[in-house]
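Novice: First, the structure itself, so that you have it in front of you.
Residue numbers (full-length UniProt numbering): 1 to 160.
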């Protein structure tokens with residue numbers, strides 16, 4: 001089986017790639033390579049971690065998955081290839097999709113302000129997930145700072 005996309009000239013879809021792709025498409029937790037490895041080994045016991053890394057890279061370059069290189073965490077992978085947003089917990093590193101229907105047309109604004117042709121974008125929201133807030137013993141939200149940024153727990157420093 002071959003997959004054709006703009007990024008490749010007919011990627012050969014090996015059994016390993018099909019299983020990796022299926023695992024990512026059914027997952028909503030944006031797994032790391034190690035987590036993909038653990039899940040795929042249930043179906044292909046003799047697969048190596050190196051093979052997982054190589055195939056994740058190939059699938060990402062082919063545009064069949066997204067490689068999430070979010071600030072402060074190890075790479076994660078997403079089976080959803082359409083542009084969408086993520087929220088990341090600064091305590092545990094958990095990443096989830098965020099459904100946002102209305103945002104200002106940033107792409108056209110940026111394109112109008114530079115000579116770049118905008119081909120993609122990433123937007124990451126940063127917060128503390130409900131489980132980490134419970135473990136911390138506080139379900140109260142932090143008060144926004146005057147600059148519009150939320151107070152930090154000290155786990156990550158955000159600079160302008």
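Note that the Cβ used here is the ideal one computed from N, Cα and C, for glycine as well.
(1) Indicate the three-state DSSP secondary structure (helix, strand or coil) for residue 157 in the structure shown.
(2) Kindly list the residues whose CB is nearer than 7 Å to the CB of residue 55, restricted to its own chain and excluding five residues on each side of it in sequence; keep chain order.
(3) In the structure shown, what three-state DSSP assignment does residue 94 receive?
(4) Please work out which residues of its chain come closer than 8 Å, Cβ to Cβ, to residue 92, disregarding the five sequence neighbours upstream and downstream, and give them in chain order.
(5) State yes or no: is the C-beta of residue 31 within less than 9 Å of the C-beta of residue 39?
(6) Residue 87 and residue 126: beta carbons closer than 9 Å?
(7) Just to confirm the assignment, what range does the beta strand (DSSP E) spanning residue 67 have?
(8) With distances taken from CA atoms, which of 13, 119, 12, 110 is nearest residue 83?
(9) Give the range of the alpha helix (DSSP H) segment to which residue 37 is assigned.
(10) Which value, in whole angstroms, describes the spacing of the CA atoms of residue 64 and residue 76?
(11) Does residue 34 pass the burial test, meaning 16 or more other C-beta atoms within 10 Å, or should it be called exposed?
(12) Mapping DSSP to helix, strand and coil, what is residue 50?
(13) Put residue 63 into one of helix, strand or coil per three-state DSSP.
(14) Pick from 45, 80, 69, 37: whose alpha carbon is nearest that of residue 25?
(15) Residues in the same chain with beta-carbon distance under 8 Å from residue 69, minus the five sequence neighbours each way, listed in chain order, please.
Specialist: Per the coordinate set shown:
(1) Note on residue 157: pLDDT 38, under 50, position unreliable in the model; no value is reported.
(2) 16, 17, 20
(3) coil
(4) 129, 131, 132
(5) yes
(6) yes
(7) 66-68
(8) 119
(9) 33-41
(10) 14 Å
(11) exposed
(12) helix
(13) coil
(14) 80
(15) 75
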